[in-house]
DNA sequence: CGACTGACGGGGT
DNA sequence: GACCCCGCCAGTC
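Numbering (this note's numbering), first residue to last: 55 to 165.
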């Protein structure tokens, strides 16, 4: 089932899976890592399919503003914030506190 | 086949 | 600093 596009989603999933505990990243960063530069939206789309992938911590993926834009897509909106706070990432007003500090860039995972 | 939408980002006004 | 518009690509109506 599914189309060949599944491979594209899989690529996004793999990157998201690489996000360390207590870290967050942005859609644009993942898109850039995949070469989709402006395809940040596609990353969010892929995350929508991540519902079938428990190993994909979509809650660690926020927009470049550090805002939990996709919280509404979880089982319940508060789940995303709860999961992040459980990992030590404080969220206030649907926004990650010290986002720049917790930000994890996939292109820097080589470090 | 055509048009709109969408978990975004960047640039311009 | 806030607001608006465009682009990108894929999926759905």
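Where a beta carbon is used, it is the ideal one built from N, C-alpha and C, also for glycine.
Bear in mind that the values here come from a model prediction, so they are computed numbers and not experimental data.
Would you call residue i buried or exposed, if buried means 16 or more other Cβ atoms sit within 10 Å of its Cβ?
i, result
"residue 95", "exposed"
"residue 56", "Note that residue 56 scores a pLDDT of 47, beneath 50, so its modelled location is shaky; the value from the coordinates is reported in the next line. Result: exposed."
"residue 124", "buried"
"residue 68", "exposed"
"residue 155", "exposed"
"residue 161", "exposed"
"residue 133", "exposed"
"residue 89", "exposed"
By the three-class DSSP mapping on this structure, what secondary structure does residue i have?
i, result
"residue 133", "helix"
"residue 146", "strand"
"residue 110", "coil"
"residue 122", "coil"
"residue 141", "coil"
"residue 128", "coil"
"residue 91", "coil"
Got a sec, what are the start and stop residues for the alpha helix (DSSP H) residue i sits in?
i, result
"residue 155", "153-156"
"residue 86", "81-88"
"residue 117", "Residue 117 -> no alpha helix (DSSP H), and no H or E assigned at all."
"residue 163", "Looking at the DSSP string, residue 163 is not in any alpha helix (DSSP H), and its letter there is neither H nor E."
"residue 77", "Where residue 77 is concerned, there is no enclosing alpha helix (DSSP H), given that its DSSP letter is neither H nor E."
"residue 98", "94-103"
Whose CA, out of the options, lies closest to the CA of residue i?
i, options, result
"residue 131", "106, 149, 118 and 71", "149"
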